[in-house]
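Residue numbers (my numbering), protein chains in the order written: chain A, 1383 to 1647; chain B, 7 to 669. Beta carbons are placed, not taken as given, at the ideal position from N, Cα and C, and that holds for glycine. Beneath this line is the structure, given in structure tokens, with notes to follow.
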Amino acid sequence: METFTYYPGCTLRTKAKDLDTYARVSAEALGIALEEPADWQCCGGAYTTAKDEIATKLSAVRTLNAAKELGRPLVTVCSACHNVIKQTNYDISRDEDMAAKVNNYLRLPEAYTGETTVYHYLELLRDVIGFDKLSEKVVNPFKGKKIAAYYGCLLLRPSKALAMDDPENPTIMEDFIRAIGGIPVIYAQRNECCGGYITMEDKAQAQKRSSAVMESAADQGADMVITACPLCLYNLKKNSGSELPVFYFTEMLAEALGLKEASNE
Amino acid sequence: MQRIGVFVCHCGTNIAATVDVKAVAEALGHEPGVVISQDYQYMCSESGQNLVKNAIKEHKLTGIVICSCSPRMHENTFRKAAAAAGLNPYLVEIANIREQCSWIHKDIATATEKAVILGRAAVAKVHLNAPLTAGESPVVKRALVIGGGIAGIQTALDIAEAGFDVDIVEKKPTIGGKMAQIDKTFPTLDCAACILTPKMVEASQNEHITIHSFSEVTEVKGFVGNFTVKIKKKARFVDETKCTGCGLCTEKCPMKKVPNEFNMGLDNRSAVYIPFAQAVPKVATIDPNYCMMLKSGKCGVCSKVCSVGAIDYKQQDRFIEQQYGAIVVATGFDPIKLDQYDEFAYNQCPDVVTSLELERLMNAAGPNGGTLLRPSDKSHPHTIVFVQCVGSRCDDSKGKPYCSKICCMYTAKHAMLIREKYPDTEVYVFYIDVRTPGKNFDEFYRRAVEQYNVHYIKGMVGKVTPKSDGKIDVQASDLLANEQLHINADMVVLAAAIEPDKTARPLATMLTTQMDTNDFFTEAHPKLRPVESATAGIFLSGACQGPKDIPETVAQASAAAAKAIGLLCKNSITCNPCVAHSDELMCNGCSSCEKVCPYGAITYIDKEFRMPDRTTKVRRVASVNPAVCQGCGACTVACPSGAMDLNGFSNRQIMAEVDAICK
Chain A
1383 METFTYYPGC TLRTKAKDLD TYARVSAEAL GIALEEPADW QCCGGAYTTA KDEIATKLSA
1443 VRTLNAAKEL GRPLVTVCSA CHNVIKQTNY DISRDEDMAA KVNNYLRLPE AYTGETTVYH
1503 YLELLRDVIG FDKLSEKVVN PFKGKKIAAY YGCLLLRPSK ALAMDDPENP TIMEDFIRAI
1563 GGIPVIYAQR NECCGGYITM EDKAQAQKRS SAVMESAADQ GADMVITACP LCLYNLKKNS
1623 GSELPVFYFT EMLAEALGLK EASNE
Chain B
7 MQRIGVFVCH CGTNIAATVD VKAVAEALGH EPGVVISQDY QYMCSESGQN LVKNAIKEHK
67 LTGIVICSCS PRMHENTFRK AAAAAGLNPY LVEIANIREQ CSWIHKDIAT ATEKAVILGR
127 AAVAKVHLNA PLTAGESPVV KRALVIGGGI AGIQTALDIA EAGFDVDIVE KKPTIGGKMA
187 QIDKTFPTLD CAACILTPKM VEASQNEHIT IHSFSEVTEV KGFVGNFTVK IKKKARFVDE
247 TKCTGCGLCT EKCPMKKVPN EFNMGLDNRS AVYIPFAQAV PKVATIDPNY CMMLKSGKCG
307 VCSKVCSVGA IDYKQQDRFI EQQYGAIVVA TGFDPIKLDQ YDEFAYNQCP DVVTSLELER
367 LMNAAGPNGG TLLRPSDKSH PHTIVFVQCV GSRCDDSKGK PYCSKICCMY TAKHAMLIRE
427 KYPDTEVYVF YIDVRTPGKN FDEFYRRAVE QYNVHYIKGM VGKVTPKSDG KIDVQASDLL
487 ANEQLHINAD MVVLAAAIEP DKTARPLATM LTTQMDTNDF FTEAHPKLRP VESATAGIFL
547 SGACQGPKDI PETVAQASAA AAKAIGLLCK NSITCNPCVA HSDELMCNGC SSCEKVCPYG
607 AITYIDKEFR MPDRTTKVRR VASVNPAVCQ GCGACTVACP SGAMDLNGFS NRQIMAEVDA
667 ICK
């Protein structure tokens, strides 16, 4: 069993327990041990694009450094955490000035300059386990189920830093859907914004965005929508007014692997 | 004892405003061997040249130094002046005190000091200059045109008209290029095929023109006037000399599900095919990726039906080698792939098409016989949205930074043609700017807006969402009205940016010509030598040099032909005498120079030498072909024993310059 450092993030401890629980049991069944680093803290929440803003990026570096000290790649599953951590890692490995400032501040035993490899859980499935190997382990395939993958805006963007998939024409979640036996539904709004944090300020705007996503998926005949992001799930469920069910992709994975009932006991 | 004259140019105020030219002339007058040192307002003017000529005669000068602009500008002028006064032209040295001094400095004292140093270096060098005589090399009276689109065809026709033989090398099975795929041309709306195909036929019938279709240039050696080019004639599995182009094989071929590239993959062709009815040469080609006979040995239908026995499944790629005096590059363009632009749903929805696909959809020889129908359900579209600048004028890595130039006009053309033919349609065009400079171009665009009521909206499309009812939601911004729009469209047409053909870059390497960062060929001078490359004997025709419409392409094609004809008219060309030569006594035959020579000018010979003890010994030494050597000097740097030297730029001369600068 191969071991990876696993960063769940705050939301997965509170509102998005499902995303976390099913990720863990599925990984174990697929021969991957996920191990949390001690004393992890918040990823920083949202990536600040200001070049001189260092303070909010420090917590992401602490996580990255913890993985480096453990000598293992880092796996994340929440879209937002993944976005912040991977972008921070990308920038610190390329921007010497930023690396110097961060290291001056953190005073780590050994300077951190982007050594850790960061995987999103989907990348773990695709690049480490392999979707073909995954499909061999599926016991409850989603036969005939039309599943719409919702990427949202930040799972794949900025594409250079995240280097995960083509942000305008992605395939990773569709390939995942195929691996668990479902039929992927391609719809135009799959990589548009769900409304995000705007729901706090302007509910109507968030409703407009999330309903556009759900309508587009429903229009293309989807039976359900899957996502990797707690905030997307919230908006699509609570703000869209759509009847279409929305799940975390890890929940579908656990169900396909026949682990859902067991993990709920 | 050398008698050297120094002439310092003011270049109006170009030099004199930053360099104290009188002080420079005064300082250089004290250099050893300098017998006269003068300044003058415009040394390149006739009176300036006369000043130089008279001084050469009056002071019996053995060498002159001109402190002026870059030698690229006027070295030839002063060499000619010196020759006219009886001085060997290679006893002239230029000290560049303009581009490398006055233009880049602000402080007069610093600039003057630097000008003196540069002049001093030139004086030190000219002391060691030797008179050189330029040789001559013959010109092969045959031209090669690479690319058989409208640019290549026009260039070849013009060269042939002047009486010279021309070969066209075209990688596709037929000449004609992109223009053959276009339906109508702006701004006159005449049919592209009607004006192109007569030219294609003319090219094939011209006794001076040889067309190598389905062929590629694989190797280029030699130099201006005498290029040796290797051409690969790709196996088309059909004997070109026997095939009559009857097309029976294409009808009977059972493999009919091959995407038809001529119709942009909108319909299918057979595995053995003739790209279009007016193809030149009208000869069938077998696609080895789809032919069942070639793939599995099971079929052979085309061979059975061919009455002239032209099918040859065993045909191999063939190579031919040919000598040329001039080469014209006419490799053209391609629209960019739109995989990276899926916000426009190009990969998701068959009713989102590129402009070139629309050309085929509207063409009588296209998949729908000229009736505009949606590719998805063959229904008549009512609302059509055009998106301009897809990938053009982009500042991100996926697009092109430049304006593709032709899209504004062809989009206006498409919009107008659709409104003309189908008055029940609503046509929208989203643009960043409408750019229509050109004869009768803006009038054309105005007609689309005013006469044909095409809705031009300033703003870009943000998202294209195909819906299950077959409609396409186009979300866009109207920047003038400051509002968000949703258009319920039936078709979306994307004006994709154009980029140079992918074969251009490897070809540029073969030709040792330059390209810009976008892979367009670089002209020798952007204003004054727009159809020549910086490499002598290589000319540029059409969109390989930059985005161009048809009128501009044809104009440039004829210009390139004129330049090529100018070269081919000469029986010989004067060679540059500043070439490398090897001191055989010092050469140890190590091959270092041969390895670095980019022109293949160095070979090795076994030569007999008398040794000090009166014996003889055969040694391997380097030998430079002066006609091939371009005088780049790479060998002189690589030579470990110092045997290689460059005429006019000898190691001694360069060291003397360095010493003078460091003094």
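For this session: Run the CB neighbour count on Thr559 (chain B), radius 10 Å, all protein chains shown included, and call it buried at 16 or more, exposed below.
Result: buried
Exercise. Relative to the C-alpha of Gly654 (chain B), which residue among B:Thr247, B:Ala586, B:Asp401 and B:Ser410 is closest?
Worked result: B:Ala586
For this session: Would you please verify whether the beta carbon of Asn1471 (chain A) is less than 9 Å from any beta carbon of chain B?
Result: no
Exercise. Which word fits Asn295 (chain B), buried or exposed, when buried means at least 16 other C-beta atoms lie within 10 angstroms of its C-beta?
Worked result: exposed
Exercise. Expressed to the nearest angstrom, what Euclidean distance is found between the alpha-carbon atoms of Leu195 (chain B) and Gly444 (chain B)?
Worked result: 15 Å
For this session: Kindly say whether Ala1411 (chain A), judged by its beta-carbon, lies nearer than 9 Å to any beta-carbon of chain B.
Result: no
For this session: Report yes or no: do the segment 487-498 of chain B and the segment 403-423 of chain B share at least 3 C-beta pairs separated by less than 8 Å?
Result: no
Exercise. Does DSSP classify Pro618 (chain B) as helix, strand or coil?
Worked result: coil
Problem set entry | Own chain residues within Cβ distance below 7 Å of Ser598 (chain B), not counting five before or after | Ala644, Cys645 and Pro646
Problem set entry | Whether Val627 (chain B) touches Cys593 (chain B) by CB criterion (9 Å) | yes
For this session: Measuring only between beta-carbons, confirm whether Pro472 (chain B) sits less than 9 Å from chain A.
Result: yes
Exercise. CA-CA distance, Ala514 (chain B) and Leu1507 (chain A)?
Worked result: 44 Å
For this session: Compare the beta carbon distance of Asp1 (chain B) and Ala149 (chain B) with 9 Å and say whether it is the shorter of the two.
Result: Past the edges of chain B, shown from 7 to 669, lies residue 1 (chain B), and the structure says nothing about it.
Exercise. If you draw a straight line from the C-alpha of Gly1512 (chain A) to the C-alpha of Lys184 (chain B), how long is it?
Worked result: 43 Å
Exercise. Fully enclosed by the segment 517-579 of chain B, which alpha helix (DSSP H) runs are 4 residues long or longer?
Worked result: 556-574
Exercise. If you run the structure through DSSP and keep just helix, strand and coil, what is Thr24 (chain B)?
Worked result: coil
For this session: Mind reading off the beta-carbon distance from Val1459 (chain A) to Leu1401 (chain A)? Whole number of angstroms is fine, and I expect it under 8 Å.
Result: 6 Å
Exercise. What is the DSSP secondary structure of Asp1402 (chain A), counted as helix, strand or coil?
Worked result: helix
For this session: Along the alpha helix (DSSP H) that carries Met368 (chain B), what are the first and last residues, could you check?
Result: Ser361 to Met368
For this session: Going by DSSP, name the residue or residues bridged to Val1628 (chain A).
Result: A:Val1607
Exercise. Using the C-alpha atoms, what's the distance from Val1407 (chain A) back to Glu1417 (chain A)?
Worked result: 12 Å
Problem set entry | Contact under 9 Å by Cβ, Phe1386 (chain A) with Arg1454 (chain A) | yes
Exercise. Who are the near neighbours of Met466 (chain B) in its chain, counting only those whose CB is closer than 8 Å to its CB and skipping five residues on each side?
Worked result: Val393, Cys395, Phe436, Ile438, Ala482 and Ser483
Exercise. Under 9 Å between the Cβ atoms of Thr1470 (chain A) and Lys1439 (chain A)?
Worked result: yes
Exercise. Quick one: what does DSSP say Gln211 (chain B) is sitting in, helix, strand or coil?
Worked result: helix
Exercise. Can you tell which of B:Phe170, B:Leu485, B:Ala121 and B:Ile156 has its C-alpha closest to the C-alpha of Ala29 (chain B)?
Worked result: B:Ala121
For this session: Only counting runs of 4 or more residues, tell me where the alpha helix (DSSP H) segments fall wholly within the segment 1540-1576 of chain A, in order along the chain.
Result: 1541-1544 and 1554-1561
Problem set entry | Close-in-space but distant-in-sequence residues of the same chain around Ala1570 (chain A) (CB under 7 Å, 5 per side omitted) | Ser1598
Problem set entry | Below-9 Å beta-carbon distance, Asp1584 (chain A) vs any chain B residue | no
Exercise. Thinking C-beta only, is Ala454 (chain B) closer than 9 Å to Met422 (chain B)?
Worked result: yes
Exercise. Asp1601 (chain A) versus chain B: which residues are under 7 Å apart at the beta carbon?
Worked result: Lys473 and Ser474
For this session: State the Cα-Cα distance for the pair Cys668 (chain B) and Gly637 (chain B), rounded to the nearest angstrom.
Result: 26 Å
For this session: Tell me whether His133 (chain B) sits in a helix, a strand or coil according to DSSP, three-state version.
Result: coil
For this session: Could you name the residues of the segment 326-356 of chain B whose beta carbon sits closer than 7 Å to any beta carbon of chain A, in the order they occur along the chain?
Result: Asp345, Gln346, Tyr347, Asp348, Glu349, Ala351, Asn353 and Gln354
Exercise. Smallest Cα separation from Pro604 (chain B): which of B:Val634, B:Leu138, B:Ile188 and B:Ser564?
Worked result: B:Val634
For this session: Starting from Phe1513 (chain A), trace the alpha helix (DSSP H) both ways and give me its first and last residue.
Result: Phe1513 to Lys1519
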